[in-house]
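**Q** Residue numbers (my numbering): 461 to 750.
Glycine included, C-beta positions come from ideal geometry on N, C-alpha and C.
Let me begin by handing over the structure; questions about it come next.
Here is the structure:
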């Protein structure tokens, strides 16, 4: 049966979360934009979660620089002293080290948008890994990939659509000679030809841009929940009270049925949701072969 996982942002009301597992975002090697826990806090959290029989996921999905490899290796060795259920990664340096340190360690490959077909999913299935399915696909494509049986889907939250290791906002600030600091602040980015405002965030780990809406895959999960291994709720830029309520509704759907009533309750929490490409077809441009 599909299980529900969510980003852990604080220990406040952790007992009220109706989730099967929690994602702990590494303070140095994850792309999660907000308040990470220190390593000391992570140690205590892992023990707490294991006492509650919760799954523990460590997110180390950032691009790794060559000079960071030794630090990464030592960090992964440290994590392996605990009972970690899954590591979420995006850089193959993580895969290489973990395969060397513990070939049996369970992994989830999260490349954000690269897992777009069942061939890719099958490749990682042969490696005994799970994959994060791109949510920039329509429903039929997602369903086809989910049938492979190793899929994880981010079903709610602001979706990261851009990531750079560079400090782009600070560079802009310096170029424009702006006194106001842009670092570690959630700002809005708007293109000249579009009305949407995209969240942009710069931290020491780089610059990140997110969808202007909360991606929401809900009622469609009635057809997917027997095929996906995990569904994930992203906690980025969502306050704790809302995250608790959202998690509860998704858990109710998994246990019973994703109904219109539950969906209306979900939209009442935040109306600014969208399904992205979920119900859109692929537009192909014909080439002129004359």
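1. Starting from residue 661 and walking both ways along the beta strand (DSSP E), at which residues does that stretch end?
2. Mark residue 563 as exposed unless 16 or more other C-beta atoms lie within 10 angstroms of its C-beta, in which case mark it buried.
3. Indicate the three-state DSSP secondary structure (helix, strand or coil) for residue 608 in the structure shown.
4. Find the nearest neighbour of residue 717 within the set 683, 730 and 736, judged by alpha-carbon distance.
5. Could you check where the alpha helix (DSSP H) with residue 707 kicks off and where it finishes?
6. Please report how far the alpha carbon of residue 484 lies from the alpha carbon of residue 502, in whole angstroms.
7. Could you name the residues of the same chain whose beta carbon sits closer than 6 Å to that of residue 660, not counting the 5 residues immediately before and after it, in chain order?
8. Considering Cα atoms alone, identify which of 529, 506 and 571 is closest to residue 558.
9. So, for residue 524: in the same chain, excluding its five sequence neighbours on each side, which residues have a beta-carbon less than 8 Å away from its beta-carbon?
10. Rounded to a whole number of angstroms, what is the C-alpha to C-alpha distance between residue 625 and residue 721?
11. How many angstroms separate the CA atom of residue 568 from the CA atom of residue 589?
12. Just verifying my parser: in three-state terms, what is the DSSP assignment at residue 515?
13. Assuming the contact rule is C-beta atoms closer than 8 Å, residue 608 and residue 586 should be a hit. Round their C-beta distance to whole Å, please.
14. Out of curiosity, what's the CA-to-CA distance linking residue 602 and residue 680?
15. When the Cα atoms are used, what is the spatial distance from residue 508 to residue 566?
16. By the DSSP assignment, the beta strand (DSSP E) with residue 568 in it spans what residues?
17. From the DSSP output, in three-state form, read off residue 684 for me.
18. On a Cα-Cα basis, can you pick out the residue from 520, 598 and 573 that is closest to residue 619?
19. Would you call residue 519 buried or exposed, if buried means 16 or more other Cβ atoms sit within 10 Å of its Cβ?
20. Only counting the same chain, and skipping five residues up and downstream in sequence, which positions put a Cβ closer than 7 Å to that of residue 596?
21. Have a look at 575, 658 and 665 and flag the residue whose alpha-carbon is nearest the alpha-carbon of residue 673.
22. DSSP three-state call for residue 750: helix, strand or coil?
23. Tell me the DSSP secondary structure of residue 537 in three-state form.
**A** Inspection of the coordinates gives the following:
1. From DSSP, the beta strand (DSSP E) with residue 661 extends over 658 to 663.
2. exposed
3. Assigned with DSSP and collapsed to three states, residue 608 falls in coil, not helix or strand.
4. 683
5. 700 to 715
6. Looking at the two C-alpha atoms, the distance is approximately 7 Å.
7. Sequence-distant Cβ neighbours of residue 660 in its own chain, meaning closer than 6 Å and more than five residues away, are 647, 649 and 669.
8. Here the closest residue by C-alpha is 529.
9. 489, 532, 551, 553 and 554
10. Answer to the nearest angstrom: the Cα atoms are 42 Å apart.
11. The alpha-carbon atoms of residue 568 and residue 589 are separated by roughly 6 Å.
12. strand
13. About 10 Å separates the two Cβ atoms, so there is no contact after all.
14. A straight line joining the alpha-carbon of residue 602 with that of residue 680 spans about 10 Å.
15. Rounded to the nearest whole angstrom, the C-alpha separation of residue 508 and residue 566 is 21 Å.
16. 567 to 569
17. When secondary structure is reduced to three states using DSSP, residue 684 falls in the helix class.
18. 573
19. Burial call: buried.
20. 573, 736 and 737, listed in sequence order.
21. 658
22. Note that residue 750 has pLDDT 49, beneath the 50 cutoff, so the model's placement of it is unreliable and no number is given.
23. helix
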